[in-house]
Structures are given as structure tokens and as C-alpha cells.
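**Student:**
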């Protein structure tokens, strides 16, 4: 019998946009029969990351391209842990007016997860402000890619 897929969706939201994205992803994963838990970054711990085979991180970018303050502990944990059993994706909302710093936390978390040996299930996804119907379609594709990568990896092991 195939191992049931399980996911953790960790998010930080300042404006509510990332909470909306995280909720959409969580609901989408559940509809795809993935056992899913959504956690605010402030409450996240390493066990909730390593006990699952999918991780989706939804951070906001703070100030001039920095990680959200509530995401620093998660970032440090991820950066110092071997996560080669994990398939991940990172998506976040930002404002294109910030230029080069637009959604920079997404890129930072993506690099940290890759450094920890996790398998990228989908390319990082950047959402401009509040997600619209086109963004929801892109997020659905993003999640489908993560599920597909996780399933392929499970069959190989």
C-alpha cells in the first residue's frame, strides 16, 4: 500500500494575503487527499516539518527584502537540518513596487530548503498583492507539481 501523502503549510502574513494563500493551498491539498496541517510560523517547530513529506512555506518579505521576524526561527531550523526526505515549495505575496526586493523572502526560504537537501517540488511562486483567479490557477498548478514530485519520489524509494 502506498504511503499517504502528508503536508505542512507554514505561513506568515502581515496583510492577510499570505494567510489567504496558505488557506487556499491547505484546502487544495486536502481536496487532493493529502493529510494537511496549516501552521502560523510563530507556532511552527521542526517536528511538524520533518514528520511530513511535503512542506509549503508562505512567507512575507519584511522591510527591505528581509525575512519576516516570526520566520527567523523556522529559517534557522531549516537551514541547519537534513531535509532530504522532504519535497517543498515556497510561495508568497508581495508588492512589485519594491522592485528587486519583491517577494525576496520566498527566494531566501527556497535557497535554505535546497541547502538542507530538500527536493524542490515546484519553482518558487510570487504573487503580486492579493491573489486573484489567475494566481489561484497558478497556485493550483504549483501544488499539483509538488504532489507529483512527492509521489514520484515515493515510488523510487
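In my numbering, the protein residues as written are 1 to 157. The beta carbon of each residue, even a glycine, is placed where N, CA and C say it ideally should be. All values derive from a computational prediction rather than experimental measurement.
Assuming residue 122 and residue 89 form a contact by the criterion Cβ under 8 Å, report the distance between their Cβ atoms to the nearest whole angstrom.
**Tutor:** With 8 Å as the limit, residue 122 and residue 89 qualify as a contact, their Cβ atoms being about 4 Å apart.
**Student:** Taking the alpha-carbon positions, what's the residue 1 to residue 118 distance?
**Tutor:** Low local confidence applies: a pLDDT of 35 at residue 1 is under 50, so the model's placement there is unreliable, with the coordinate-based value given in what follows. Taking the straight line joining both Cα atoms gives about 24 Å.
**Student:** Please go through the same chain and pick out, in chain order, the residues whose beta-carbon is closer than 8 Å to the beta-carbon of residue 28, but skip the five residues on each side of it.
**Tutor:** These residues qualify, in order along the chain: 139, 140, 143.
**Student:** For residue 55 versus residue 34, is the C-beta distance shorter than 8 Å?
**Tutor:** In this structure, residue 34 does not lie closer than 8 Å to residue 55 by Cβ.
**Student:** Using 10 angstroms around the beta-carbon of residue 96, count the other beta-carbons present and answer buried if the total reaches 16, otherwise exposed.
**Tutor:** That one is exposed.
**Student:** Given residue 39, which residues of its chain have a CB within under 8 Å of its CB, disregarding the five upstream and five downstream residues?
**Tutor:** Excluding sequence neighbours, residue 39 sits near 8, 9, 10, 11, 48.
**Student:** Decide if residue 18 is buried, meaning its Cβ has at least 16 other Cβ atoms within 10 Å, or exposed.
**Tutor:** The residue in question, residue 18, is buried, as its Cβ has 16 or more Cβ neighbours within 10 Å.
**Student:** Could you give the first and the last residue of the continuous alpha helix (DSSP H) run that contains residue 24?
**Tutor:** That run of the alpha helix (DSSP H) goes 17-31.
**Student:** Just checking my contact of residue 46 with residue 81 at CB under 8 Å: how many whole Å lie between their CB atoms?
**Tutor:** That belief holds up - the Cβ atoms of residue 46 and residue 81 are roughly 6 Å apart, short of 8 Å.
**Student:** Quick check: residue 108 and residue 67, are their CB atoms within less than 8 Å of each other?
**Tutor:** Against a cut-off of 8 Å, the Cβ pair of residue 67 and residue 108 comes out as a contact.
**Student:** By the three-class DSSP mapping on this structure, what secondary structure does residue 101 have?
**Tutor:** Residue state, collapsed to three classes: helix.
**Student:** Hey, out of 77, 114, 106, 98, whose CA is closest to residue 126's CA?
**Tutor:** Residue 106 is the option with its Cα nearest to residue 126.
**Student:** Rounding to the nearest angstrom, what Cα-Cα distance links residue 71 and residue 59 in this structure?
**Tutor:** When rounded, the distance between both Cα atoms is 7 Å.
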